[in-house]
Amino acid sequence: MNLLDVLPLLEYINDLVDARDMNMGAWFEAQVVNVTRRKAANGSCAVADQQTTIPEEDVIYHVKYEDYPENGVVELSSSDVRSRARTILKWHQLEVGQVVMVNYNPDEPTERGFWYDAEILQKRETKLIREINAGDSLNDCRIIFVDDIYKIEEPGSVCPISARPLKRQSGPVCKACKDNPNKTCRICACHICGGKQDPDKQLMCDECDMAFHIYCLNPPLSSIPDDEDCAPINDKNGAEAKDWRAGKPVRVVRNVKGGKHSKYAPVEGNRYDGIYKVVKYWPETGKSGFLVWRYLLRRDDEEPAPWTKEGKDRMKKLGLTMQYPEGYLEAVANKDKENNGDDEFDAPGKGKRKRKSAVINSPAGTPKKTKVEPYKLTSQQKSLIRSDEANEKLWNEVLEALKDGPKFLNKVEEAFLCICCQEVVFRPVTTVCQHNVCKDCLDRSFKADVYSCPACRYDLGKNYTMQVNETLQTILTQLFPGYGNGR
Numbered sequence: 001m002n003l004l005d006v007l008p009l010l011e012y013i014n015d016l017v018d019a020r021d022m023n024m025g026a027w028f029e030a031q032v033v034n035v036t037r038r039k040a041a042n043g044s045c046a047v048a049d050q051q052t053t054i055p056e057e058d059v060i061y062h063v064k065y066e067d068y069p070e071n072g073v074v075e076l077s078s079s080d081v082r083s084r085a086r087t088i089l090k091w092h093q094l095e096v097g098q099v100v101m102v103n104y105n106p107d108e109p110t111e112r113g114f115w116y117d118a119e120i121l122q123k124r125e126t127k128l129i130r131e132i133n134a135g136d137s138l139n140d141c142r143i144i145f146v147d148d149i150y151k152i153e154e155p156g157s158v159c160p161i162s163a164r165p166l167k168r169q170s171g172p173v174c175k176a177c178k179d180n181p182n183k184t185c186r187i188c189a190c191h192i193c194g195g196k197q198d199p200d201k202q203l204m205c206d207e208c209d210m211a212f213h214i215y216c217l218n219p220p221l222s223s224i225p226d227d228e229d230c231a232p233i234n235d236k237n238g239a240e241a242k243d244w245r246a247g248k249p250v251r252v253v254r255n256v257k258g259g260k261h262s263k264y265a266p267v268e269g270n271r272y273d274g275i276y277k278v279v280k281y282w283p284e285t286g287k288s289g290f291l292v293w294r295y296l297l298r299r300d301d302e303e304p305a306p307w308t309k310e311g312k313d314r315m316k317k318l319g320l321t322m323q324y325p326e327g328y329l330e331a332v333a334n335k336d337k338e339n340n341g342d343d344e345f346d347a348p349g350k351g352k353r354k355r356k357s358a359v360i361n362s363p364a365g366t367p368k369k370t371k372v373e374p375y376k377l378t379s380q381q382k383s384l385i386r387s388d389e390a391n392e393k394l395w396n397e398v399l400e401a402l403k404d405g406p407k408f409l410n411k412v413e414e415a416f417l418c419i420c421c422q423e424v425v426f427r428p429v430t431t432v433c434q435h436n437v438c439k440d441c442l443d444r445s446f447k448a449d450v451y452s453c454p455a456c457r458y459d460l461g462k463n464y465t466m467q468v469n470e471t472l473q474t475i476l477t478q479l480f481p482g483y484g485n486g487r
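In terms of UniProt numbering, the sequence shown has 148 at position 148, counting the first letter as 1, and numbering is strictly consecutive.
Okay, here's the thing in structure tokens:
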């Protein structure tokens, strides 16, 4: 890039702008740190005309979000960067058809959210409230924060850094403390003391995703570890743990083939044995003369082991039975039939020997049925279910399955299955026709201009407000922890 290419772009550096997030479509306050020209396909910069004017589509803005410095410098095209909005429009200045910037929360329409472009479709004013219906990028919604509607500045209306317009108010990142810096919070700050001081001395837990001050830990740390605090690997002699219970947990599943080496292997198939931890590891020469690494794992699980009497009783109470692949039992029966033959035979000097099938099918060999322990709900779960009045009929049917133990969860899963994605509803919207649909699934339906209930085709209307049933969401999260991960 030569000097003539650079000069027209320098005037934009340090300007205060609004930058659009490409994932959300919302506008965030940012500052231009650099401006460059888009490179052509051959790797060289696009060619300017004789007057050194640069087409707007060839300009690349390097911006830094003010509220999200961790994102670093982001490259955006000219269509996603514009001068900082700084003019608040009064109620009488708003007109139908006008495109403005409004604050909206797609997940919680009654809460403050982020800033979007919207076209005013309708103004409504009563003695108590003022609201507008907006469309465009928001796909028809009701705006309640009518005192914070900004004019979209004209192209070329520069907002220099010296102007410093008022900071726009967005929705809080933390719903517990509403991002109040003077309020302690164990959700967004240290999970032990709740303090928001010393963010550079906080560690994030990989399992619970909570922050902890290094001096609040037990025992406290003097500094942030450089990397994972793990013991070094000894690839020559092996090693033994000084405190094996402090190691990382490993879930162990035993197979029937392990019966050659261990008396704790299952009689058939695979069986989950619980949580184990590595005690030591060492090299050893195997039977074939090759080097083999051995690992000693020790069980560290609160639940009784499945081969103990307590473990077997627990499996009976939970109604756990061997799960066979489809057609497996028939294949085994046919194989036994071929090997043993259908006819009985005489053994020399002894009476007739009965066929195996006769022994297996005899009433004496039939185990007694064990009473399944009913599924127990916590007092909080019972209270939440009573509060979910919109799904009262469904819950009455589901609660009848409590006596069936673990099958109760299957009943819940069946009752609250999303008709669109065929999974347990996540961020459920309970429609006026008493059906539960994932909010994301309903959003996709509305974007496709289908404004009816996916389950019964009841007309919800183009301006239907999708309110997430938080009570139902809380219950499902408690019954199926982590089921919404990755959705």
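A virtual CB, placed ideally from N, CA and C, is assigned to each residue, including glycine. In this text the structure is predicted, and so the values were computed from the model without any measurement.
- When the five nearest sequence neighbours on each side are left out, the beta carbons in the same chain lying within less than 7 angstroms of the beta carbon of cysteine 193 are those of His213, Cys216, in order along the chain.
- The beta carbon of lysine 183 sits closer than 8 angstroms to the beta carbons of Cys177 from its chain, once the five residues preceding and following it are set aside; these are given in chain order.
- The DSSP-derived three-state label of cysteine 438 is strand.
- Exposure of phenylalanine 290 is indicated by the presence of fewer than 16 other C-beta atoms within 10 angstroms of its C-beta.
- Per DSSP, alanine 305 is not a residue of any alpha helix (DSSP H), being assigned neither H nor E.
- Per DSSP, reduced to three states, the secondary structure at proline 232 is coil, with no helix or strand assignment.
- Secondary structure within the region 421-465: the alpha helix (DSSP H) runs of 4 or more consecutive residues, fully enclosed, are 439-447 (chain order).
- Boundaries of the alpha helix (DSSP H) harbouring phenylalanine 408: 407-415, taken from the DSSP string.
- Taking 8 angstroms as the upper bound for CB-CB distance, glutamine 381 and isoleucine 475 are in contact here, some 6 angstroms apart.
- Looking only at Lys376, Val279, Val17, Lys403, the smallest Cα-Cα distance to aspartate 243 is reached by Val279.
- Cysteine 438 sits away from phenylalanine 446, with the two beta carbons spaced by 7 angstroms or more.
- DSSP places threonine 126 in the coil class of the three-state scheme, outside both helix and strand.
- In this structure, the beta-carbon distance from valine 424 to glutamate 414 does not fall below 7 angstroms.
- In this structure, Ile129 is the residue among Tyr264, Ile60, Ile129 with its C-alpha nearest to the C-alpha of tryptophan 91.
- According to the DSSP assignment, tyrosine 324 belongs to no alpha helix (DSSP H), since it is labelled neither H nor E.
- In this structure, the beta-carbon distance from arginine 271 to arginine 254 falls below 7 angstroms.
- For glutamate 392, the uninterrupted alpha helix (DSSP H) segment begins and ends at 392-399.
- Beta-bridge partners of proline 283 (DSSP): Trp293.
- Within the same chain, Pro304 come within 7 angstroms of glutamate 310 by CB-CB distance, once the 5 residues on both sides are set aside.
- Residue pairing by DSSP puts isoleucine 275 in a beta bridge opposite Arg251.
- Rounded to the nearest whole angstrom, the C-alpha separation of leucine 76 and alanine 231 is 44 angstroms.
- By the neighbour-count criterion, in which 16 or more other beta carbons inside 10 Å mark a residue as buried, isoleucine 149 falls on the buried side.
- If you compare the alpha carbons of Val100, Arg457, Tyr295, Arg20 with that of histidine 62, the shortest gap goes to Arg20.
- Put simply, the backbone Cα of lysine 316 is about 39 angstroms away from that of valine 292.
- The beta carbon of valine 398 sits closer than 8 angstroms to the beta carbons of Phe408, Lys411, Val412, Ala415 from its chain, once the five residues preceding and following it are set aside; these are given in chain order.
- Residue state for threonine 36 is assigned as strand, using DSSP reduced to three classes.
- Closest by C-alpha distance to tyrosine 68, out of Ala30, Glu57, Asn103, is Ala30.
- Residues of the same chain with a CB within less than 7 angstroms of the CB of alanine 85, apart from the 5 flanking positions on each side, are Asp18, Met101, Tyr150, Lys151, Ile152, Glu153 in chain order.
- Check the Cα spacing between tyrosine 451 and each of Leu318, Asp140, Ala189: the tightest is with Asp140.
- Judged by DSSP secondary structure, lysine 90 falls outside any alpha helix (DSSP H); it is assigned neither H nor E.
- Following the DSSP letters along the chain, one finds arginine 386 inside the alpha helix (DSSP H) bounded by residues 379-387.
- Just measuring C-alpha positions, the residue of Ala246, Gln197, Asp404, Met22 sitting nearest proline 219 is Ala246.
- With contacts defined by Cβ atoms closer than 7 angstroms, valine 372 and glycine 319 form a contacting pair.
- With contacts defined as CB atoms closer than 7 angstroms, isoleucine 60 and threonine 36 qualify as a contacting pair.
- Annotated as distal: cysteine 456 and cysteine 441, with beta-carbon spacing of 7 angstroms or more.
- Isoleucine 275 and aspartate 313 do not touch by the CB rule: their CB atoms are close to 20 angstroms apart, not below 8 angstroms.
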